[in-house]
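Undergrad: For reference, the structure I am asking about is given below.
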Ligand SMILES: [Zn+2]
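Residue numbers (our numbering): 677 to 1085.
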């Protein structure tokens, strides 16, 4: 039988139970203080509160709160604890209604998309990597329409291109052209592709300026192609104009993230206190080794403890390594891009397996992302909502964890 909390609270002053919890990793450890109201305080200052009667079962189940609300709740708890037997019901009612309100305000954030300035660019990216006709155009207007339709409050633009491949393709296209030397062709192709990428990065910051409440963006970089001086200039320019992190894809760089030529990326992230999103996974691509293997990031995670790293796709096939690394390095995060859209299908984990692996990696380290337009954003969101995780865990993944990645602390 379930009773409303205020019905209980306005009766005889209830015995209040509070569980103040300090947490490490995804495990909450608590100390039972009283026996009816339980407040679980998580490390990121979020609070799960649950009001339960041992005899009647849960009366009110509420979710995670913001940092400010958590501070307020902690104050209230210590007040309640100090007032022992003469507890007034009103603070409990106020707390419960505040918590309920908070639960209904989950703002879903899609933290990894490859939206493009034009449908042409979005379609070209998909045709390159996916068999069959693209299902979505990948244009900004299409993505904004999707967000409104399926209830996504904010999305991250990831301006990226397989630049070295594109350079190789241009040089091959100019093969018969005898007017230029091979060296000139290479230089010309490199300049063209780097310029194109810089325009994409710039467009990302302009899109954020046009939709500041709905969009965020990164700076896509290739230190091998661009060279250290240009990487520095590009990152500094774009970070100064609204980008909030850096993006690399080792699989397309021809070297792992701990290669000395990649040092500039980690140094810049450290200097400007921004996070780095990196492609990751156990797979190679068209004969290349798996430069993005999560293990290749360990040296960087250790050397740059203040640089937060988001490894995409839950480690794509190396979730075990990801879980080992998240347990060891507090600066490591991962995202559900590509994977979420396939949970519950023959292409990926069952819902039960997905929930198990997400908990193993750490619910406070996984950030929700779709990888739109490559993956279906509606399926990704619906699958995440269907996972057998608690509302509090889903709230962390879909709405809260990204905030720690973008915070400069
Ligand atoms: Zn991606």
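All C-beta atoms, glycine included, are put in the ideal place defined by N, C-alpha and C. Predicted model only: the values in this text are computed from it and were never measured.
1) What is the residue span of the alpha helix (DSSP H) that residue 811 lies within?
2) Give me the Cβ distance between residue 970 and residue 941, rounded to the nearest whole Å; I'm assuming they're in contact under 8 Å.
3) Flag this pair as yes or no: are the beta carbons of residue 819 and residue 1053 separated by less than 9 Å?
4) Decide if residue 858 is buried, meaning its Cβ has at least 16 other Cβ atoms within 10 Å, or exposed.
5) Answer yes or no: do residue 934 and residue 975 have a C-beta to C-beta separation smaller than 9 Å?
6) Closest to residue 1008 by CA distance: which of 1039, 1019, 1024 is it?
7) Once DSSP output is grouped into helix, strand and coil, what is the label at residue 1050?
8) Can you tell me whether DSSP reads residue 1092 as helix, strand or coil?
9) Does the distance from the CB of residue 1017 to the CB of residue 1056 come in under 9 Å?
10) Is residue 1047 near ligand 1 - that is, is its Cβ less than 8 Å away from at least one heavy atom of it?
11) List the endpoints of the continuous beta strand (DSSP E) containing residue 924.
12) So what's residue 857 in DSSP terms, helix, strand or just coil?
13) Closest by CA to residue 978, which one among 1002, 993, 962?
14) Just verifying my parser: in three-state terms, what is the DSSP assignment at residue 986?
15) Please determine, among 931, 961, 922, the residue with the shortest C-alpha to C-alpha distance to residue 943.
16) Using 8 Å as the cut-off, classify the Cβ of residue 966 as near or not near the heavy atoms of ligand 1, replying yes or no.
17) Should residue 805 go down as buried or exposed, given a rule of 16 or more other Cβ atoms within 10 Å for buried?
18) Between the stretch 782–794 and the stretch 1065–1084, can you find at least three pairs of beta-carbon atoms closer than 8 Å?
19) For a test of the three-state rule: what should DSSP assign to residue 792, helix, strand or coil?
20) According to DSSP, which residues form a beta bridge with residue 893?
21) In its own chain, which residues sit with a C-beta less than 6 Å from the C-beta of residue 742, not counting the 5 before and 5 after it?
TA: To lay it out plainly:
1) Looking up residue 811 in the chain shown gives position 135. It is not in any alpha helix (DSSP H) - residue 811 carries neither H nor E in the DSSP assignment.
2) On the chain shown, position 294 is the one that residue 970 refers to. On the chain shown, position 265 is the one that residue 941 refers to. Actually they do not touch by this definition, with Cβ atoms about 17 Å apart.
3) Reading the chain shown from its first residue, position 143 is the one you call residue 819. Reading the chain shown from its first residue, position 377 is the one you call residue 1053. Yes, the pair counts as a contact, with Cβ atoms nearer than the cut-off.
4) Position 182 of the chain shown, counted from the start, is the residue given in the question as residue 858. By the 10 Å Cβ count, residue 858 comes out exposed.
5) Taking the first residue of the chain shown as position 1, residue 934 is located at position 258. Taking the first residue of the chain shown as position 1, residue 975 is located at position 299. Cβ atoms of residue 934 and residue 975: closer than 9 Å.
6) For the purposes of this step, residue 1008 is taken as residue 332 along the chain shown, with counting starting at 1. Closest by alpha carbon: 1039.
7) What you label residue 1050 is simply residue 374 of the chain shown in a count that begins at 1. Coil at residue 1050, not helix or strand.
8) An answer regarding residue 1092 cannot be provided, because it is not within the stretch 677 to 1085 covered by the chain.
9) As a first step, residue 1017 must be located in the chain shown, where it is residue number 341. As a first step, residue 1056 must be located in the chain shown, where it is residue number 380. Yes, these two residues count as a Cβ contact at 9 Å.
10) Residue mapping note: residue 1047 aligns to position 371 of the chain shown, counting from 1. Correct: residue 1047 has its Cβ closer than 8 Å to ligand 1.
11) Translated into the one-based positions of the chain shown, residue 924 becomes position 248. That run of the beta strand (DSSP E) goes 921–924.
12) Position 181 of the chain shown holds residue 857. Here residue 857 sits in coil by DSSP.
13) Taking the chain shown and counting its residues from 1, one reaches residue 978 at position 302. If we check each option's Cα against that of residue 978, 1002 comes out closest.
14) The residue given as residue 986 occupies position 310 in the chain shown. Here residue 986 sits in strand by DSSP.
15) Indexing the chain shown from 1 puts residue 943 at position 267. It is 922 whose Cα lies nearest to the Cα of residue 943.
16) Within the chain shown, numbered from 1, the residue matching residue 966 stands at position 290. Every heavy atom of ligand 1 is 8 Å or more from the Cβ of residue 966, so no.
17) For the purposes of this step, residue 805 is taken as the residue at position 129 of the chain shown. Flag for residue 805 reads exposed.
18) yes
19) For the purposes of this step, residue 792 is identified with residue 116 of the chain shown, where counting begins at 1. In this structure, residue 792 counts as strand in the three-state DSSP scheme.
20) Walking along the chain shown from the start, residue 893 turns up at place 217. In the DSSP output, where bridge partners are listed per residue, residue 893 has 833.
21) Taking the first residue of the chain shown as position 1, residue 742 is located at position 66. Caution is warranted here: a pLDDT of 43 is assigned to residue 742, below 50, making its placement in the model unreliable, and no coordinate value can be reported.
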